[in-house]
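In this note's numbering, the protein residues as written are 879 to 996.
C-beta: ideal position from N, C-alpha, C; glycine also.
Shown next, in structure tokens, is the structure this report addresses.
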């Protein structure tokens with residue numbers, strides 16, 4: 879596992895995010911709406927959305943709310959940005975699902991090995 883020293887960029891971004899959340903007085907749902915809208919507006923890559931999947935799930939943010947958000951901001955940011963965001967969001971979910979599957983397989987394998995060794 880990488881230490882904090884080996885991942886200075888990720889560590890800095892994580893620290894900035896934590897600081898931002900601690901200083902923000904928005905509820906979780908409003909905060910995630912604002913962050914996703916900002917990502918769409920700047921045509922952020924899929925990896926940026928990936929970092930917001932768990933917070934969105936924790937805030938009970940639904941796919942329907944995501945669609946509503948994209949519909950609401952389309953006249954402001956433009957259809958090209960919204961379509962790009964939809965693609966990037968889909969990619970982020972694909973990566974998240976692949977990571978979850980990989981983690982589940984690793985856990986299952988570790989449990990199987992521990993049963994076999996015991």
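Within this structure, are the beta carbons of residue 939 and residue 907 separated by less than 8 Å?
-> For the purposes of this step, residue 939 is taken as the residue at position 61 of the chain shown. For the purposes of this step, residue 907 is taken as the residue at position 29 of the chain shown. Yes, they are a contact pair.
Under a Cβ-count criterion, where at least 16 other Cβ atoms within 10 Å of its own Cβ denotes burial, should residue 966 be classed as buried or exposed?
-> One-based indexing of the chain shown puts residue 966 at position 88. Per the 10 Å Cβ criterion, buried.
By Cβ distance below 6 Å, which residues in the same chain neighbour residue 919 in space, the five residues on each side in sequence not counted?
-> Against the chain shown, residue 919 aligns to sequence position 41. Excluding sequence neighbours, residue 919 sits near 955.
Over what stretch of residues does the alpha helix (DSSP H) that includes residue 894 continue unbroken?
-> Position 16 of the chain shown, counted from the start, is the residue given in the question as residue 894. Counting along the chain, the alpha helix (DSSP H) containing residue 894 begins and ends at 886-901.
Roughly how many whole angstroms lie between the Cα atoms of residue 1018 and residue 987?
-> Since the first and last residues shown for the chain are 879 and 996, residue 1018 lies out of range.
Apart from the five residues on each side of it in sequence, which residues of its chain come closer than 6 Å, Cβ to Cβ, to residue 960?
-> Working through the chain shown from its first residue, we reach residue 960 at position 82. Cβ neighbours of residue 960 beyond the five flanking positions: 948, 952.
Hey, residue 904 and residue 912 are a contact pair by Cβ (cut 8 Å); roughly how many whole angstroms apart?
-> Numbered from 1 along the chain shown, position 26 holds the residue referred to as residue 904. Numbered from 1 along the chain shown, position 34 holds the residue referred to as residue 912. Yes, residue 904 and residue 912 are in contact; Cβ-Cβ is about 7 Å, under 8 Å.
Determine, using beta carbons only, whether residue 962 and residue 897 come nearer to each other than 8 Å.
-> Within the chain shown, the letter at position 84 stands for residue 962. Within the chain shown, the letter at position 19 stands for residue 897. Taking 8 Å as the Cβ cut-off, residue 962 and residue 897 do not qualify as a contacting pair.
Considering only residues of the region 930-995, which uninterrupted alpha helix (DSSP H) runs meet the minimum length of 4 residues and lie entirely inside it, listed in chain order?
-> 941-955, 957-995
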